[in-house]
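To start, the structure itself, in structure tokens.
In this note's numbering, the protein residues as written are 34 to 331.
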């Protein structure tokens with residue numbers, strides 16, 4: 034691998050040397066029928082959602098998103114006005130977070146697809162998946178399971194509550210949090226929760242060559258989630274679509290982390306610890322459910 038490549042395949046983003054800074058690059062896709070269905074959200078909301086899904090990987094590295102290129106696959110008969118609305122939602126949301134759409138491509142296909150490549154910059158050392166150590170505390174930002182609860186309701190022909198719908202339509206990439214954790218050297222490892230807490234934690238543990246214990250009774254669950262699921266943590270553990278940050282924090286830095294989150298607009302919750310060995314265990318739940326989203330299961 035080239036000496037300019039600091040982080041290659043297998044992490045949330047690639048990182049290469051770019052002058053005095055690091056260039057951080059990631060690509061993500063939103064495909065109709067896989068990641069969303071058109072009745073679930075408006076075209077503008079789809080554009081906004083696609084932005085946050087794409088830049089969440091940069092948040093997990095502690096990077097700042099700067100430039101985007103987008104490829105649209107559009108099925109025959111798809112309204113041009115709806116395509117413009119998707120792009121408007123994407124561009125407007127990018128502008129809020131200091132990013133600019135600089136180009137892209139358009140092709141015809143069987144289903145609507147939005148593939149975004151995002152380029153970011155970083156002056157501090159990138160936080161990867163590989164730095165967690167036994168004894169580190171396991172923290173997660175925000176709340177878990179809301180978007181998955183909305184998807185489950187829609188698939189069952191039911192209407193999810195408004196708070197659950199909002200969490201699916203408008204996930205929030207934790208950019209400010211990730212950047213501050215990286216800049217201040219507080220997190221030893223990070224990953225964003227896109228495919229489910231247990232599955233993504235497994236990715237982090239494999240990269241770090243550690244295990245982890247998760248206390249399901251400590252998971253941050255919203256009031257809307259608890260009403261929809263009667264307090265059952267299963268979807269919070271395996272549902273995915275949260276785009277929250279899962280972080281390894283040394284015990285000595287926990288106090289600093291608790292002070293830091295007061296200025297970034299979201300909470301962080303201690304949900305477990307990293308251990309020696311390679312196993313991820315969930316305690317406090319009689320049936321933790323599945324392991325998360327499988328990209329190769331059809």
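Just so it is clear, CB atoms sit at the ideal spot from N, CA and C, and this is done for glycine as well.
Taking buried to mean at least 16 other C-beta atoms within 10 Å of its own C-beta, is residue i buried or exposed?
i: residue 262; result: buried
i: residue 215; result: buried
i: residue 139; result: exposed
i: residue 135; result: exposed
i: residue 312; result: exposed
i: residue 190; result: exposed
i: residue 296; result: exposed
i: residue 131; result: exposed
i: residue 250; result: exposed
i: residue 93; result: buried
i: residue 284; result: exposed
i: residue 68; result: buried
i: residue 35; result: exposed
Identify whether residue i lies in helix, strand or coil by the three-state DSSP scheme.
i: residue 220; result: coil
i: residue 243; result: coil
i: residue 249; result: helix
i: residue 299; result: coil
i: residue 123; result: helix
i: residue 93; result: coil
i: residue 144; result: coil
i: residue 305; result: strand
i: residue 325; result: Note that residue 325 scores a pLDDT of 44, beneath 50, so its modelled location is shaky; the value from the coordinates is reported in the next line. It is coil, neither helix nor strand.
i: residue 330; result: Its pLDDT being 38, under 50, residue 330 is placed unreliably in this model, and the value from its coordinates should be taken loosely. Coil.
i: residue 231; result: helix
i: residue 60; result: strand
i: residue 67; result: coil
i: residue 107; result: strand
i: residue 43; result: coil
i: residue 74; result: coil
Pull up the DSSP beta-bridge partners for residue i, would you.
i: residue 100; result: 133, 152
i: residue 55; result: 50, 155
i: residue 277; result: 226
i: residue 84; result: In DSSP, residue 84 forms no bridge with anything.
i: residue 139; result: 105
With a Cβ-Cβ cutoff of 8 Å, do residue i and residue j count as a contact?
i: residue 308; j: residue 253; result: no
i: residue 101; j: residue 46; result: no
i: residue 237; j: residue 178; result: no
i: residue 229; j: residue 270; result: yes
i: residue 95; j: residue 144; result: no
i: residue 154; j: residue 203; result: no
i: residue 171; j: residue 305; result: yes
i: residue 180; j: residue 275; result: yes
i: residue 282; j: residue 169; result: yes
i: residue 286; j: residue 219; result: yes
i: residue 316; j: residue 246; result: yes
i: residue 87; j: residue 151; result: yes
i: residue 205; j: residue 255; result: no
i: residue 115; j: residue 72; result: no
i: residue 137; j: residue 104; result: yes
i: residue 174; j: residue 258; result: no
i: residue 156; j: residue 54; result: yes
i: residue 142; j: residue 106; result: yes
i: residue 146; j: residue 64; result: yes
i: residue 60; j: residue 148; result: yes
i: residue 163; j: residue 241; result: yes
Where does the unbroken alpha helix (DSSP H) through residue i begin, and where does it stop?
i: residue 201; result: 195-202
i: residue 294; result: Looking at the DSSP string, residue 294 is not in any alpha helix (DSSP H), and its letter there is neither H nor E.
i: residue 187; result: 179-188
i: residue 267; result: 267-271
i: residue 163; result: No alpha helix (DSSP H) holds residue 163; DSSP gives it neither H nor E.
i: residue 259; result: 256-262
What are the boundary residues of the beta strand (DSSP E) that includes residue i?
i: residue 171; result: 170-174
i: residue 315; result: 313-316
i: residue 38; result: 38-40
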